[in-house]
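In the working numbering, the protein residues as written are 4 to 880.
Inspection log for the structure reproduced underneath, given as structure tokens.
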Amino acid sequence: MKDVSLPPAIRSTCPYCGVGCGVLLREDGQGGLTVSGDPDHPANFGKLCSKGSALGETMGVETRLAGPRAFGTGVTWDDALDLVAGRFVQTIKDHGPDSVAFYVSGQLLTEDYYVANKLMKGFIGSANIDTNSRLCMASSVAGHKRAFGTDTVPGTYEDLDEADLIVLTGSNLAWCHPILYQRILRARETRGTKIIVIDPRRTASCDMADLHLPIAPGADVPLFNRLLTEIAARGAVNADFLTNTNGFEAALAAAQADGAPTGLTEDDIKAFCDMWIENERVVTIYSQGVNQSTSGADKVNAILNCHLAAGRIGTPGCGPFSVTGQPNAMGGREVGGLANMLACHLDLENEAHRAAVKTYWNAPAVIPDAAGLKAVDMFNAVADGRIKALWVMHTNPAVTLPEADNVRAAIENCPFVVVSDITDQTDTARIADVVLPASGWAEKSGTVTNTDRTISRQRSVLPAFGQARPDWWHLAEVGKRMGWAEAFTYEGPADIFREYAALSQIAGDFGKDFDISALKDIDTAAYDAMEPTRWPITDTRQGGRFFADGAFFHADGKAKLLPVTHRAPAAQPSAEAPFILNTGRNRDQWHTMTRTALSPRLSSHLAEPYLDIHPTDAADLGIAAADLIKVSSGHGGSILRARITDAVARGQVFAPIHWTGETAPSGRIDAVITGNVDPVSGQPETKAMPVAVERFDAAWYGFAVSQTPIRPDLPYWAQARTTAGVRMELAGSTEIADWEAYARSLFDLPDADISSVIDPKRGGARIVLSHDGQCLAALFTSRDPIAVSRDYLALAVGGDAVPMLTGRPPVDQPDPGPTVCSCFNVGLNTILAAIEDQNLLTVDALGAALQAGTNCGSCKPELTDILRSANVKEAAE
Ligand SMILES: Nc1nc2c(c(=O)[nH]1)N[C@H]1C(S)=C(S)[C@@H](COP(=O)(O)OP(=O)(O)OC[C@H]3O[C@@H](n4cnc5c(=O)[nH]c(N)nc54)[C@H](O)[C@@H]3O)O[C@H]1N2
Ligand SMILES: Nc1nc2c(c(=O)[nH]1)N[C@H]1C(S)=C(S)[C@@H](COP(=O)(O)OP(=O)(O)OC[C@H]3O[C@@H](n4cnc5c(=O)[nH]c(N)nc54)[C@H](O)[C@@H]3O)O[C@H]1N2
Ligand code: SF4
Ligand SMILES: [Mo]
């Protein structure tokens, strides 16, 4: 029976990755949300991954910014907006339009993004608007444009259901697009789809793969060149389809001449080519292992060359498939949010396009005819004083750009910096002059476009937090105050969307692919009710795949195969920096963690920053498990926890990107990475950085739990939320004479009751601070990496102080161990015990026994791994 007391669910879209899953949201009556998957959304049919399932826990009242702030104090909206508009106007007057810049984000809604682009390119008259998509999708955009004459993802998600072979290259889909990965696994079960993973690391995505190719970092071009050579040699070229293309001969000649080493065995390469050529229906999915490279655009074209040559594009189960990272990475490309695009896939360099857009916007400024500053250059220009006023929206560049410490210093020294964010507790917001409170995703309305061109609505379900306002409103209010009231007066997002859809008709009339003009007269009620819908959306065309008909978007209507050959990563290992640092994502965290770190269960999957290093390398460097490691380059260093694993090859190390000044100041991995960019796309190389690696010699190591967050002054600390407060890893480089006094000042608890066991000889201490017998905080230290029952202690704070002093759970209270399944909160120790007690052999059996892995399925690869090693151990015993 239906529960009539529940408010109706509102359909919206998950604000994290580019899969673009539909969610059903309900107010829980306590200022929060309940979240479930939308069974009717074509991206996910009701399923959600661990991050999507935990959305309700990440609303973060305690970290939200409630009102505008300027120069460290709260101000009214009017004052804040006047200040921003005034400073931008003055800077432009004194130094010209190119002295200001916007740095925006693929997480903005299309309506926000559209207004930002219009304000900068049409009214300020500069192309200095770039986005974090430069760090993410730029190489794919460049590759698509070179091959297709347009930035189009040809295929749809249905292709994943209908393929015979799926190749993942530079994509850890199992962790980064989990719902698509689950979709592929279903295809594998139902129709036997084969999976190949090309990745220097063995990732969770390799778990179910038929073949893992541990490619040398940066060697995708020679591998796909080899494939193209084989396609030609084995008669797999589609001669009919080739008539729709140019450049095949030159591309093939370049491929044949390449021959650069790939780091793979001849058997592996042959197996790859055999499977690719023998399976007619093949989808090649690619992501940051391809894009984030100084040869990123060439890698994309090497992949596209193969699909074009074989004519495997735009038909069911076939095609190259660039998966987008952020929820609206695609929408940002459509509105022209990048410094080298105009709007609606129109081109800055094209005079007719510029004139049409200028007329349509009734724009006063001369629209620039050349690209503005791309992200890395933009922050170089901030550093050297060319940019004097900067507005950062919905992104955290002081953490996520290469040379992050230099970027942070540049922002600090810039004469005027505005940040629009939901919180002011970020590395970037902390150093801004003005911080404007943005409405969070569940409080605002608009549209996003996902990886397969499906436009979905985000709908507001909660009232705005404090005085927060949507990002488009920040921009429009500033635009009005800069003197352009008419152009920036919008009632709401529906107004903006209509204007945008009408502009897309102009693009369509120029022969562009991006055309949603059938929606240009949509009324606000229909906009509010809009179902997920895939573009193009015109009077004659709705959704579908591109290019099967051989019609491309270069002037002659043909596609282009490009001659590309291997270029090694820009920086090469040397005696000073012999290791190659690769970076990427964790399953349960989103980028700089401003939202996901608020969820205790997401935070317990991997609770601190780490460096994966091969056992032989670790042994050579005298690094033991759980030691700390220092990685460094010429301009920065990071201290991270050692994870010794043969998932990385010798000579390579891997670190996650998520930790910041808020959560682990030494874990800011982009401080180590140099801003070398792809010459075509401007995308920085963040996956192949030569670094020095050494053991970090700490005087002591510690683990702490506390009811309230703290910010210690130590060379290493990492903090994660728990349901009881926070848990922290610590390391110090000076000897502590009085541990009790140290603990009191660390937790700022001068008057708490204290009990302790001190072992000065071993540099060890166990200290519990309490009030009325209830633990407020506890600290455990040792000269060596500390062994205590972390997951027990993390939950015990706030409870009875006495048993905690041992650092071990009482016998009747088992320690669950680190979380593996975050949906049902199942820990490693619980899983190991169940495997042993109940003799479990399969992931399904584990699911039946503990529920682990039965909701989103994101932890299934780890469960397989645990089963494998547990059963191997048993066999050996
Ligand atoms: N959980 C989670 N999911 C996310 C995000 C998140 O923060 N957390 N972020 C979203 C965003 S914005 C993005 S862009 C996507 C990114 O999604 P992915 O691109 O899948 O993720 P990454 O971990 O950055 O990198 C993918 C893989 O590239 C491999 N790689 C490195 N160098 C090479 C190489 O030279 N060749 C090849 N073939 N592979 C290489 C790395 O080892 C890594 O496993 O994820 C999205 N989804
Ligand atoms: N070394 C290395 N560096 C990388 C990468 C890598 O793989 N390796 N990946 C790169 C990639 S692909 C990406 S996409 C970037 C991501 O990097 P960023 O975009 O810098 O990271 P986020 O944490 O997503 O930043 C989003 C910010 O927006 C805020 N926010 C949340 N909701 C709203 C809202 O509604 N409005 C506003 N105005 N703000 C909001 C959040 O609090 C947060 O501060 O990192 C890049 N950097
Ligand atoms: S796969 Fe997960 S993070 Fe991505 S959109 Fe779906 S629920 Fe959100
Ligand atoms: Mo991204």
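Glycine residues also receive a C-beta, built at the ideal position from the N, C-alpha and C atoms.
These numbers come from a predicted model, not from an experiment.
Please classify Gln545 as buried or exposed, where buried requires at least 16 other C-beta atoms within 10 Å of its C-beta. exposed
Rounded straight-line distance, which links the Cα of Trp538 to that of Ala505: 14 Å
Under the three-state reduction of DSSP, which class applies to Tyr19: helix, strand or coil? Tyr19 falls in the coil class under three-state DSSP.
Quickly, what does DSSP pair Ser448 with across the bridge? List them, please. Answer by DSSP bridge pairing: none, since Ser448 is not bridged.
Please report how far the alpha carbon of Ile613 lies from the alpha carbon of Asp649, in whole angstroms. The residue you asked about is not Ile; residue 613 is Tyr in the sequence shown. In a straight line, the C-alpha of Tyr613 is about 15 Å away from that of Asp649.
Closest Cα partner of Asp31 within the set Glu354, Val464 and Lys377: Val464
Specify the secondary structure class of Cys826 as computed by DSSP and reduced to three states. coil
Start and end residues, alpha helix (DSSP H) containing Trp80: Trp80 to His98
Per DSSP, cross-strand counterpart(s) of Ile458: According to DSSP, which records beta bridges pairwise, Ile458 is partnered with Thr452 and Thr536.
Once DSSP output is grouped into helix, strand and coil, what is the label at Glu880? For Glu880, the predicted model reports a pLDDT of 46, less than 50, meaning its position is unreliable; a value from the coordinates is still stated below. Residue state, collapsed to three classes: coil.
What does a CB cutoff of less than 6 Å around Asn858 pick up in its chain, not counting 5 residues either side in sequence? Cys826
Minimum C-alpha distance to Pro618 - residue among Arg604, Val651 and Arg644: Closest by alpha carbon: Val651.
Per DSSP, cross-strand counterpart(s) of Gln722: Met731
Would you kindly work out how many angstroms separate the C-alpha atoms of Pro400 and Gly173, rounded to a whole number? Roughly 23 Å between the two C-alpha positions.
In this structure, how does DSSP classify Asn883 when only helix, strand and coil are distinguished? Since the first and last residues shown for the chain are 4 and 880, residue 883 lies out of range.
Is it the case that the Cβ atoms of Leu404 and Phe419 are separated by a distance below 8 Å? no
Would you mind sorting Arg793 into buried or exposed? The rule is 16 or more other CB atoms within 10 Å of its CB. buried
Identify whether Leu393 lies in helix, strand or coil by the three-state DSSP scheme. strand
Is Leu216 helix, strand or coil when you go by DSSP? strand
In three-state DSSP terms, what is Asp223? helix
Would a C-beta distance cut-off of 8 Å place Thr61 and Ser602 closer than the cut-off? yes
So, is His310 buried or exposed, given that buried needs 16 or more other C-beta atoms within 10 angstroms? buried
Segment limits, beta strand (DSSP E) that includes Ser423: Phe419 to Asp424
Mark Ile869 as exposed unless 16 or more other C-beta atoms lie within 10 angstroms of its C-beta, in which case mark it buried. buried
Could you tell me if Glu446 is buried or exposed, where buried requires 16 or more neighbouring beta carbons within 10 angstroms of its beta carbon? buried
Would Glu697 and Ala207 qualify as a contact pair, given that the criterion is a beta-carbon distance under 8 Å? no
Using only the heavy atoms of ligand 4, determine whether one of them is closer than 7 Å to the beta carbon of Gln110. no
At which residues does the beta strand (DSSP E) containing Leu351 begin and terminate? No beta strand (DSSP E) holds Leu351; DSSP gives it neither H nor E.
Residues near ligand 4, criterion Cβ-heavy atom distance below 5 Å: Cys139 and Gly328
Which residue's Cα is closest to the Cα of Glu804: Leu798, Val791 and Gln777? It should be pointed out that residue 804 corresponds to Ala in this sequence rather than to Glu. Checking every option, the nearest Cα to that of Ala804 belongs to Gln777.
Cutoff 7 Å; reference Thr867; Cβ partners in own chain excluding five residues on either side: Asp210 and Val846
If we ignore side chains and look at the alpha-carbon of each, how far apart do Phe500 and Lys633 end up? 49 Å
Thinking C-beta only, is Tyr493 closer than 8 Å to Ala471? no
Report yes if the C-beta of Pro45 is less than 7 Å from at least one heavy atom of ligand 2; otherwise report no. no
Take Glu352 and list the residues in its own chain whose beta-carbon comes closer than 8 Å to its own, dropping the five residues that flank it on each side. Asp372 and Ala373
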